[in-house]
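*Asks:*
In the working numbering, the protein residues as written are 1 to 276.
This is the structure:
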């Protein structure tokens, strides 16, 4: 996701057009490096001889190495077009030889391509439909909104055996929130990590705290992550911070964010050792 946001922010700031492309039957373009043989598929009768099998000349769907074969084939094609894979993300290809760099981000068989000139200098990412899905999933579509995802000073603690909540899909809820956080909501990184500590034994307090986040999402569902700028050069900037011993086990929380015309990477984590 960081590479995709980097591409979008870069293209937005320079006024480059964004295109999306899907490769049909992508895996069938790959060629296995090894000799691979298979049985005749059920129903195949054309010139089928006893004791024979088929030799693969392409990598079909279902073959373990098919994704790698497809990626290798695509890389060969890109190299002939002067594209080079990023050293930090092999799914980001860049052609530096033009007036503006041309970028292609690959996800399996889907591509996002940045090129051409357009007037707008920003791109906004929204997950409003996804938030509505979460709210509907947990019966909170008509809930009242709140202005903060967590009450200041809230400290989540491990649950007691008699306080376990058994009528709420807590693990699923945290998973849905985590995807939202990873994509477009960097400011929910802390609460998402805090909830993820109690996946095995969530309590009623954890569920109540999570439902407050849903109420917060109700009021902010139309918020967008905006990337790009006003057309002037943009710079990479990094920020980090931490608290001191705020967790119940005495450990501290750390976080960072990377900015390139907008937030492109972020994370919150608990430090592995107790800070003195």
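Positions of the beta carbon are idealized from the N, C-alpha and C atoms, including for glycine.
Report yes if the CB atom of residue 92 is closer than 8 Å to the CB atom of residue 227, and no otherwise.
*Replies:* Not closer than 8 Å, so no.
*Asks:* Inspect the beta-carbon positions of residue 193 and residue 156 and report whether they are closer than 8 Å.
*Replies:* Cβ distance not < 8 Å, so residue 193 and residue 156 don't count as in contact.
*Asks:* Take residue 152 as the anchor and find which of 212, 232, 136 has the nearest alpha-carbon.
*Replies:* Considering only alpha carbons, the answer is 212.
*Asks:* Checking 8 Å against the spacing of the C-beta atoms, do residue 251 and residue 245 come in under that value?
*Replies:* Contact flag set, yes.
*Asks:* Run through the DSSP bridge pairs and tell me what residue 85 is partnered with.
*Replies:* BP columns for residue 85 point to 93.
*Asks:* Counting only the same chain and skipping the five closest in sequence on each side, list residues whose C-beta sits under 6 Å from that of residue 78.
*Replies:* The answer, listed in chain order, is 93.
*Asks:* Less than 6 Å between C-beta atoms, sequence neighbours within five positions excluded: which residues of the same chain meet that for residue 131?
*Replies:* Cβ neighbours of residue 131 beyond the five flanking positions: 217, 221.
*Asks:* Residue 50: buried (16+ other C-beta within 10 angstroms of its C-beta) or exposed?
*Replies:* The residue in question, residue 50, is exposed, as its Cβ has fewer than 16 Cβ neighbours within 10 Å.
*Asks:* Between the beta-carbon of residue 158 and the beta-carbon of residue 191, is there less than 8 Å?
*Replies:* Not a contact, by the Cβ cut-off of 8 Å.
*Asks:* How would you call residue 53, buried or exposed, if buried means at least 16 neighbouring beta carbons within 10 angstroms?
*Replies:* Classification of residue 53: exposed, given that the 10 Å Cβ count is below 16.
*Asks:* If you run the structure through DSSP and keep just helix, strand and coil, what is residue 193?
*Replies:* Helix, per DSSP.
*Asks:* Output the distance between the C-alpha atoms of residue 76 and residue 82, rounded to the nearest integer angstrom.
*Replies:* For residue 76 and residue 82, the distance between alpha carbons rounds to 10 Å.
*Asks:* Could I get the ranges of all uninterrupted beta strand (DSSP E) runs contained in the stretch 194-235, with 3 residues as the minimum, in chain order?
*Replies:* Counting only runs of 3 or more, we get 225-228.
*Asks:* For the beta strand (DSSP E) that residue 255 lies in, which residues bound it at each end?
*Replies:* Residue 255 -> beta strand (DSSP E) spans 253-259.
*Asks:* Considering residue 265, what are the terminal residues of the alpha helix (DSSP H) in which it resides?
*Replies:* No alpha helix (DSSP H) holds residue 265; the beta strand (DSSP E) holding it covers 263-270.
*Asks:* Rounded to the nearest angstrom, what separates residue 61 and residue 44 at their Cα positions?
*Replies:* In a straight line, the C-alpha of residue 61 is about 18 Å away from that of residue 44.
*Asks:* Take residue 286 and list the residues in its own chain whose beta-carbon comes closer than 7 Å to its own, dropping the five residues that flank it on each side.
*Replies:* Past the edges of the chain, shown from 1 to 276, lies residue 286, and the structure says nothing about it.
*Asks:* Note down, in chain order, each residue of its chain lying with its Cβ closer than 7 Å to the Cβ of residue 182, except the 5 sequence neighbours on either side.
*Replies:* These residues qualify, in order along the chain: 1.
*Asks:* Using a Cβ-Cβ cut-off of 8 Å (strictly less than) and excluding sequence neighbours within five positions of residue 178, which residues of its own chain qualify?
*Replies:* The answer, listed in chain order, is 192, 196.
*Asks:* Below 6 Å CB to CB, which residues in the same chain sit around residue 126 once its five sequence neighbours on both sides are set aside?
*Replies:* Cβ within range, chain order: 224.
*Asks:* Output the distance between the C-alpha atoms of residue 115 and residue 175, rounded to the nearest integer angstrom.
*Replies:* Straight-line Cα distance between these residues: approximately 34 Å.
*Asks:* Within a Cβ cutoff of 8 Å, which residues of the same chain sit near residue 189, ignoring the five residues on either side of it in sequence?
*Replies:* So the qualifying residues of the chain are 181, 255, 266, 267, 268.
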